[in-house]
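To start, the structure under review is shown below, and the notes come after it.
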Amino acid sequence: MVLPAQYYETANGPFEAGTLEHGPRNVAKPKEPENMRELSEQGILSFLQYWCAAQNYMYLTGDISLFEALPGNDKYSTNIGIYSKLYSRDEGWVVCDTERPTGITLNTDRPVRIGSSEVFRWESMYTVDNKAHLYLLKAQRNVSFTDMYGTTRRADVFVKYGDNGWQMMDDAEVSAAKESLAPSASAASPSSR
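For the sequence shown, counting from 1, position 29 maps to 29 in full-length UniProt numbering; every step adds exactly one.
Below, the structure written as structure tokens:
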């Protein structure tokens, strides 16, 4: 899933992958699609496209502002902080042949609403470029993205809609949402009262 080209600011030239000598150059900056805060399937799709683009922009530039500004992304503060510090201190950068070291591939045409809430699940794969790595300048060492984030795998996306639009849900939020839908023991079995 890729954010359409019209939602990127023009870079100062063609993308240049990071190497052991320098970080990525001319990384196109994503812009929010107009409909990504709509309570609609298209709103979810646009949100997911932008979320991935903002995350990859953070990985490749160290600019955390776009990813950090998304609703609910405070839960990723540790991950966000790593990239901000590495780039601002010139201690390392991401080496990757493309502008998308990670991504989401949707496995179905549409998401499924969870109960009557504004929570949706979209069957998907989390993709990780197995050639991408974080180069740590002082240590002269590479840490692969697959070591940090795992390999490409099934990882359904759960999103919820709130006052500020869509936001990703973490495992704890997903578990809580699922538990709230499960009938209690007393409700499930009237004869147990």
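No residue lacks a Cβ here, since even glycine has one placed at the ideal position from N, Cα and C.
Quick caveat: nothing in here was measured; it's all calculated off a predicted structure.
- For G43, the enclosing alpha helix (DSSP H) starts and ends at 41 to 61.
- The UniProt domain "DUF6318" (14 to 170) contains, as complete alpha helix (DSSP H) runs of 4+ residues, the segments 41 to 61, 65 to 68, 77 to 88, 145 to 149 (chain order).
- Taking 8 Å as the upper bound for CB-CB distance, T108 and T127 are not in contact here, some 16 Å apart.
- Rounded to the nearest whole angstrom, the CA to CA distance from G162 to L70 is 12 Å.
- Within the same chain, G62 come within 7 Å of S88 by CB-CB distance, once the 5 residues on both sides are set aside.
- Scanning D97, V2, E38 for the CA closest to the CA of T19 turns up D97.
- The way I'd put it, the segment 26 to 33 does touch the segment 45 to 59; three or more beta-carbon pairs between them come closer than 8 Å.
- Between the alpha carbons of E123 and E41 lies a gap of roughly 14 Å.
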